[in-house]
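K.L.:
If you want it as structure tokens, here you go:
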């Protein structure tokens, strides 16, 4: 299956078969996708809360109560749930933490002068959003959404079903999981597993706007 076929066949799963589980090997590959997703200036402003036990999924499901109760079954019946969280602050200490990690990973072995250039470039973009645009939180959340897209497409390529869930109460999850004290806030959920045969959405044709409307060629 090529990547275009993956895009044409993946869909948002509405019903999961709670008796089917993602193998440890396959989920390790999914964790690799989470770790190595691209982000602007390698900012990586994310954290992932992962649940694959009934108890863990019930904790995540605390964010799908009230008006979002229609999402509870997707969380509870899935094999694994990933709660995507965004950082609440991106400061100098964190940027030096990124730089130190890059150095340990050998990013600057070929040319040590690249270390300072890398830090200066990243600081320019981060501080632009912190002090000029004043939208650092929104900018960090954009990076998390890049990560979500990576996971969704990668899971489908592996034959694993998934659904992104924005219908949740971030504050409830922040409080239940102590996220804000750790410098994060809940953003969205991706439930992963394998569809039930009764999932109506699996049988519906995909619908997208036509090429003539969404593409401009220069």
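Numbering (this note's numbering), first residue to last: -19 to 198. For each residue, glycine too, the CB sits at the ideal point set by N, CA and C.
#1: For residue 67, list the residues DSSP reports as bridge partners.
#2: May I ask you to report which of helix, strand or coil DSSP gives residue -8?
#3: Look at the alpha carbon of residue 94 and the alpha carbon of residue 116, and state the distance between them as a whole number of angstroms.
#4: Which residue comes first and which comes last in the alpha helix (DSSP H) that contains residue 77?
#5: Grab me the residues of residue 0's own chain with a C-beta within less than 7 Å of its C-beta, minus the 5 sequence neighbours each way, in chain order.
#6: Mind checking which residues open and close the alpha helix (DSSP H) that includes residue 118?
#7: To the nearest angstrom, how far is the alpha carbon of residue 191 from that of residue 197?
#8: Are three or more beta carbon pairs between the region 56 to 76 and the region 150 to 168 nearer than 8 Å?
#9: Looking only at its chain, what residues have a beta carbon closer than 6 Å to the beta carbon of residue 99, apart from the 5 residues adjacent to it on each side?
#10: Could you pull the DSSP bridge partners for residue 141 from this structure?
#11: Beta-carbon within less than 7 Å of residue 121's beta-carbon, same chain only, minus the 5 sequence neighbours each way: which residues are those?
#12: Could you spell out the range, first to last residue, of the alpha helix (DSSP H) harbouring residue 55?
P.N.:
Inspection of the coordinates gives the following:
#1: 164
#2: strand
#3: If I take the Cα positions, the gap works out to 25 Å.
#4: 72 to 84
#5: 59, 173, 174
#6: 116 to 137
#7: 11 Å
#8: yes
#9: 79
#10: In DSSP, residue 141 forms a bridge with 173.
#11: 66, 167
#12: 52 to 57
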